[in-house]
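Visitor:
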Amino acid sequence: MTPSIAQPALPADWRDLVALTKPRVMSLVVFTGLCGLLAAPVALPPVLAFTAILCIALGAGAAGALNQWYEADLDAKMRRTANRPLPARRMDRQTALHFGVGLGAFSVVLMDLATNHLAALLLAVSILFYVLIYTVWLKRRTAQNIVIGGAAGAFPPLIGWVAATGQVDLMPALLFAIIFLWTPPHFWALSLFVRSDYANANVPMLPVVAGIQNTRLQILLYSITVAIAGIAPYALGLTGLIYGVSAVALNAIFLFLAVAVFANRAEEVSGMKPERRLFAFSILYLFALFSAVVIDHWVIA
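Right under this line is the structure:
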């Protein structure tokens, strides 16, 4: 049954509607989707390329809105999310639901009309995966929520590539794998210094159910897989030297920071500096690595 939270029937402010789309998350989604599109061997006309990226952005916004609609009760219990439109009671839940469903449907239909059926299908799958698999099914039930649910955030470069080419290839599959493997260490680093929020909301994030040191070990293990996936495009001959050098350097830093997290023994938030550094760098890592994919492609082309 869908969780409920008491809401006054207030008219939605446009800024609250924007907040529902999770703009910070959307920026990363749009960027990786754009990189997938620009790295593809087929160039879309500018108008269609813009439309494809717009659809990815709208789809991500729809997923964010539906996530907040469903998790309004959890958001109200956590300090970092308590001021979102629904828990702060600046918007009624029905508005959020209608906004999310309408935005998602529009993005999929527009993608289908502007590019191809496969890109539209992948966009629909990514939205439904985030809402139904991660938000509804996994998040409240298992500490593996972010591991499996991370697939939702890995779709954008694949969608961008398919929007341009109409088919799935090895390169976008590797870009999908990089984000899929990157998500757990990125998110677990954050969850270590906000774990009290998840504990208060009874969300079974790894630090809450498996302990801090076990989480640090898992961060290190997943960081190794990120490095392998990150270097794979160059090792397999799919990219040139620009990407290869960038990937080696970025993954070396990522692993160094992951080792520092593993070596940390602090239990208090004040001692979580290695975790904060890894979390901050992990965002820069993804932007830099995917930028290298595009730069390398255009130099070679």
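Going left to right, the sequence shown walks through residues 1437 to 1737 as our numbering numbers them.
Backbone N, C-alpha and C define an ideal beta-carbon position, used for all residues, glycine too.
#1: In terms of alpha-carbon separation, which member of V1478, A1488, R1451 and L1484 lies closest to T1468?
#2: If you run the structure through DSSP and keep just helix, strand and coil, what is T1551?
#3: Hey, could you find the ends of the alpha helix (DSSP H) L1490 is sitting in?
#4: Relative to the C-alpha of T1457, which candidate in V1483, A1512 and G1538 has its C-alpha closest?
#5: Looking at C-alpha atoms only, which residue of A1560, R1451, F1616 and W1505 is the closest neighbour of I1584?
#6: If you reduce the DSSP assignment to three classes, tell me which class K1575 lands in.
#7: Between A1541, W1505 and L1686, which lies nearest to R1526 when the distance is taken from Cα to Cα?
#8: So, at 8 Å on beta carbons, what are the nonlocal neighbours of L1480 in its own chain, with the 5 sequence-adjacent residues on each side left out?
#9: Measuring only the C-alpha atoms, how far is I1667 from G1680?
#10: Looking at C-alpha atoms only, which residue of D1452, L1611 and L1510 is the closest neighbour of P1593?
#11: Quick one: grab the DSSP three-state call for D1452.
#12: Can you tell me whether F1723 is helix, strand or coil according to DSSP?
#13: Touch check for the region 1697-1716 and the region 1663-1677: three-plus C-beta pairs under 8 Å?
#14: Please list the terminal residues of the continuous alpha helix (DSSP H) segment that includes Q1603.
#15: Just how far apart, CA to CA, sit V1738 and A1635?
#16: Can you name, in chain order, every residue of its own chain whose Cβ lies under 7 Å from the Cβ of V1432, other than the five neighbours on each side?
#17: Tell me whether F1726 is buried or exposed, calling it buried when 16 or more other Cβ atoms sit within 10 Å of its Cβ.
#18: Looking at the secondary structure, which residues open and close the alpha helix (DSSP H) in which I1582 lies?
Guide: Judging by the given coordinates:
#1: Along the sequence shown, read from residue 1 onward, the residue named residue 1468 stands at position 32. The candidate whose alpha carbon is nearest that of T1468 is A1488.
#2: Walking along the sequence shown from the start, residue 1551 turns up at place 115. If DSSP states are grouped into helix, strand and coil, T1551 belongs with coil.
#3: For the purposes of this step, residue 1490 is taken as residue 54 along the sequence shown, with counting starting at 1. Residues P1482 to Y1506.
#4: Translated into the one-based positions of the sequence shown, residue 1457 becomes position 21. Among V1483, A1512 and G1538, the Cα nearest to that of T1457 is on G1538.
#5: On the sequence shown, position 148 is the one that residue 1584 refers to. Among A1560, R1451, F1616 and W1505, the Cα nearest to that of I1584 belongs to F1616.
#6: Your numbering for residue 1575 matches position 139 in the sequence shown. In this structure, K1575 counts as coil in the three-state DSSP scheme.
#7: To locate residue 1526, count along the sequence shown from 1; it is residue 90. Of the candidates A1541, W1505 and L1686, the one whose C-alpha sits nearest the C-alpha of R1526 is W1505.
#8: For this step, residue 1480 is matched to residue 44 along the sequence shown. Cβ within range, chain order: L1473, A1488, T1551, A1599 and A1600.
#9: Residue mapping note: residue 1667 aligns to position 231 of the sequence shown, counting from 1. Residue mapping note: residue 1680 aligns to position 244 of the sequence shown, counting from 1. Approximately 7 Å between the Cα atoms of the pair.
#10: For this step, residue 1593 is matched to residue 157 along the sequence shown. It is L1611.
#11: Counting from one through the sequence shown, the residue named residue 1452 turns up at place 16. D1452 falls in the helix class under three-state DSSP.
#12: Counted from its first residue, the sequence shown places residue 1723 at position 287. F1723: helix per DSSP, three-state reduction.
#13: no
#14: To locate residue 1603, count along the sequence shown from 1; it is residue 167. It is not in any alpha helix (DSSP H) - Q1603 carries neither H nor E in the DSSP assignment.
#15: No information on residue 1738 is available, as it lies outside the stretch 1437 to 1737 that the chain covers here.
#16: This structure gives no information on residue 1432, because the portion of the chain shown stretches from 1437 to 1737.
#17: In the sequence shown, the residue the question calls residue 1726 occupies position 290. Buried, by the Cβ-count rule.
#18: Residue numbering aside, residue 1582 sits at position 146 when the sequence shown is read from its first letter. Here the alpha helix (DSSP H) through I1582 covers N1581 to G1585.
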